[in-house]
Amino acid sequence: MFPSHKRETEVFCQHFQTYDEGFEYGSQMPEWLLRNWSKSKRWLLALFEESIPDIKAYKPKKADSVTLMQAVLEVVEGEADGHGANYGLLMLWASLSNAVPITFWTLAFILSHADIHRTIMEGITSVLGGAGKEKIRVSEDILKKLLLIKWCILEAIRLRAPGVITRKVVKPVRILNYIVPSGDLLMLSPFWLHRNPKYFPEPESFKPERWKEANLEKHTFLDCYMAFGGGKFQCPGRWFALLEIQICIILILYKYDCCLLDPLPKQSPLHVVGVPQPEGQCRIEYKQRHDVCQDPQGPALSGGATPPTTHLIAGLHNG
């Protein structure tokens with residue numbers, strides 16, 4: 007369903023970026039107040055509506071398997087007839103809106119810690135080889151062997167968690183000596199909780215090794231880790247998100263030598279909902295592996311002593 011030509015891809019990206027940037031307001035305000043956001047929403051819904059028959063008809067290679075979108079349509083069919091496109095857009099947004107910025111933050115943290123970056127690259131070379139040019143399929147076994155990357159993702163999420171998580175009180179609840187009545191809103195701050203040294207020693211430091219203590223095999227996080235919410239209403243897609251981010255980072259670091267051209271940026275204080283964007287630009291220099299990537303602040307991050315003859319610059323900044 008997604009565009010394959012450059013111009014169509016650019017149009018799709020523009021509409022999705024507009025939709026994503028305005029979602030915090032568009033989901034709670036009349037659409038006529040946000041014309042550009044509303045226009046992009048209608049464009050994306052039309053794309054899904056047009057694609058639903060093809061999505062339903064698609065036959066995966068394995069006879070007993072279905073795509074994620076097919077599973078969603080199967081669940082909502084009957085109860086939400088006519089709203090398949092809405093659920094499709096919601097799934098697309100939910101799977102990317104926080105995963106993309108966390109992928110950026112994880113890469114930025116890794117590249118700003120040369121020892122961690124070096125260890126990860128040694129692991130990738132050991133598991134996948136050093137060529138960086140072969141097409142690879144990241145299996146569950148590979149993910150388990152490159153567990154340090156998953157620790158880095160969880161640590162990046164800890165340091166760049168949402169400012170607040172809001173819940174409506176369904177029935178009166180006692181907190182210490184206070185009774186919070188039903189109908190009120192409670193706001194929890196993962197940002198500050200994750201910086202409490204009682205639960206996270208050296209809370210401002212990027213220390214992925216702290217995640218050795220978590221039993222990730224049994225799908226449990228560290229105590230007081232609230233990035234995905236808490237209780238029975240945690241983010242239902244948290245493990246899918248961690249999976250897609252880990253695979254993405256493995257593929258990037260397998261294929262490219264990367265280094266930061268700017269210091270690790272602070273997070274922007276402009277948004278308190280969702281993963282924060284960087285306060286300023288953060289450019290990354292990257293080149294096909296086996297070429298040298300020269301760190302402007304110090305020695306080369308991988309092999310040799312000559313900077314790359316050609317490079318591309320990627321940047322992410324708060325718009």
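If you read the sequence shown in my numbering, its first letter stands for residue 7, the second for the next number, and so on.
Ideal placement from N, C-alpha and C gives every residue a C-beta, glycine not left out.
This one's a predicted model, so the numbers in the text were calculated from it and none came from an experiment.
DSSP-derived helix/strand/coil call for residue i
i	result
I142	coil
V72	coil
E128	helix
E210	coil
D147	helix
R295	strand
H21	helix
G237	helix
Given residue i as reference, the closest of the options once Cα atoms are compared
i	options	result
L257	L98, G136, Q34 and S101	G136
L199	A233, T226, N221 and R180	A233
I171	Q283, G237, Q294 and L160	G237
R328	C254, F29 and Y31	Here the chain covers residues 7 to 325 and nothing more, so residue 328 does not appear.
V278	G94, N104, F54 and W38	N104
M75	L98, L53, K67 and G88	L98
C288	T112, E14 and N42	T112
P271	E215, K204, S118 and H225	S118
DSSP beta-bridge partners of residue i
i	result
D268	Paired residues: none, contrary to the question.
R180	I185
T172	M193
Q273	P284
Alpha-carbon spacing of residue i relative to residue j, whole angstroms
i	j	result
M193	R173	7 Å
S44	S101	20 Å
V298	L134	Any reading at V298 needs caution, since the residue's pLDDT is 47, under 50, leaving its predicted position unreliable; the model's value is listed next. Cα-Cα distance, rounded: 19 Å.
E16	E56	19 Å
P282	P196	12 Å
P331	P107	No statement about residue 331 is possible, as the shown extent of the chain runs from 7 to 325 and does not include it.
E80	I58	12 Å
D301	W245	Note that D301 scores 48 on pLDDT, short of 50, meaning its location in the model is unreliable; the coordinates nonetheless yield the value given after this. If you take the alpha carbons of D301 and W245, they lie about 33 Å apart.
E219	W157	11 Å
G129	Q252	14 Å
L40	G32	7 Å
E250	K67	21 Å
I116	L266	10 Å
W38	L96	20 Å
Q303	E291	Confidence at Q303 is low in this model, with a pLDDT of 45, below 50, so its placement is unreliable and the value that follows should be read with caution. Rounded to the nearest angstrom, the two C-alpha atoms are 13 Å apart.
Y93	V78	8 Å
Can you find at least 3 beta carbon pairs, one from the segment 44 to 59 and one from the segment 18 to 35, that sit closer than 8 Å?
yes
Is the segment 71 to 78 touching the segment 123 to 143, taking contact as three or more C-beta pairs under 8 Å?
no
Any contact of the segment 209 to 220 with the segment 156 to 170, i.e. 3+ C-beta pairs under 8 Å?
yes
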